[in-house]
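Working notes, structure below.
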Amino acid sequence: MSDSGDFRAVVEAARTCRRFEEDKPLSMADLEWLVECARLAPSARNAQTLRFTLVGPGQTCNELFSLTRWAGALKDWGGPHPGERPTAFVVILMPEDAGELVRFDVGIAAQTIHLAANSKGWGCCMIQSFDHVAVPKLLQIPSGMKPALVLGLGVAKEIRKVAPMPADGSFAYWRDEQGVHYVPKRGIAELIAARF
Ligand SMILES: Cc1cc2nc3c(=O)[nH]c(=O)nc-3n(C[C@H](O)[C@H](O)[C@H](O)COP(=O)(O)O)c2cc1C
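Note that numbering that gives the first Met the number 0 has the sequence shown beginning at 0, numbered continuously upward.
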């Protein structure tokens, strides 16, 4: 984690994390601090319709983990092994009848929590690939709400690095023999659509 005050370096270091120090669990107070950060984030119309279900270490955390899918691009890895699993989750809830603007709120809240977690040396993985039928039942999601995004959290264990895009343009992430996780990012020249 950079302490240079360079926000770009902070964002570069905040890669998705999928392996955690399972013997150093986060606490409910840690999760509440993350939501305190999200509470202050922008919200369309300032309506603040999102809600957050907190899952600390324990049986519900284990059950929720089993309903999530990790790293689809790593075909020979089925997700974090015992001992390196997330120790907590924050589940972002949105109204079932929400308009499309609320999806922006979900993304903003997720990235706020992601950066907040990284600022503490914790890792975060946003997960959209989860059992959308079983998770609401497990977490007794209030009627009228649905889980929009699951955030897996814990003390970060894996090394993650940004890499240049390969020449073939593949955007899949990969790991080297040492288990270092690489995430290719497009160059800025490719991203800027126009300058006026
Ligand atoms: C909306 C969204 C949904 C995601 N869903 C999953 C998921 O279901 N499982 C997973 O392992 N990673 C998931 N990710 C993490 C992405 O795979 C990750 O952001 C991407 O590989 C780029 O890595 P980076 O976050 O380190 O830049 C998701 C990310 C976003 C933004």
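From the three backbone atoms N, C-alpha and C, an ideal C-beta is built for every residue, glycine too.
Each of P94, A166 and A188 was checked against the Cα of R50, and the nearest Cα belongs to P94. Counting along the chain, no alpha helix (DSSP H) covers R17, and no H or E run does either.
Excluding residues up to 5 positions away in sequence, A43 lie with their Cβ nearer than 7 Å to the Cβ of F103 in the same chain. Put simply, the backbone Cα of M144 is about 29 Å away from that of R14.
Here the distance from the Cβ of W69 to the nearest heavy atom of ligand 1 is below 7 Å. For G77, no alpha helix (DSSP H) run applies, since DSSP gives it neither H nor E. Taking the Cβ of M125 as the reference point, at least one heavy atom of ligand 1 falls within a distance shorter than 7 Å.
Within the same chain, V179 come within 6 Å of I158 by CB-CB distance, once the 5 residues on both sides are set aside.
Looking at the DSSP output, Y181 shares a beta bridge with K160 and W173. Straight across, the Cα-Cα distance linking I126 with G151 is about 7 Å. By the neighbour-count criterion, in which a residue is buried when 16 or more other Cβ atoms sit within 10 angstroms of its Cβ, F129 is buried.
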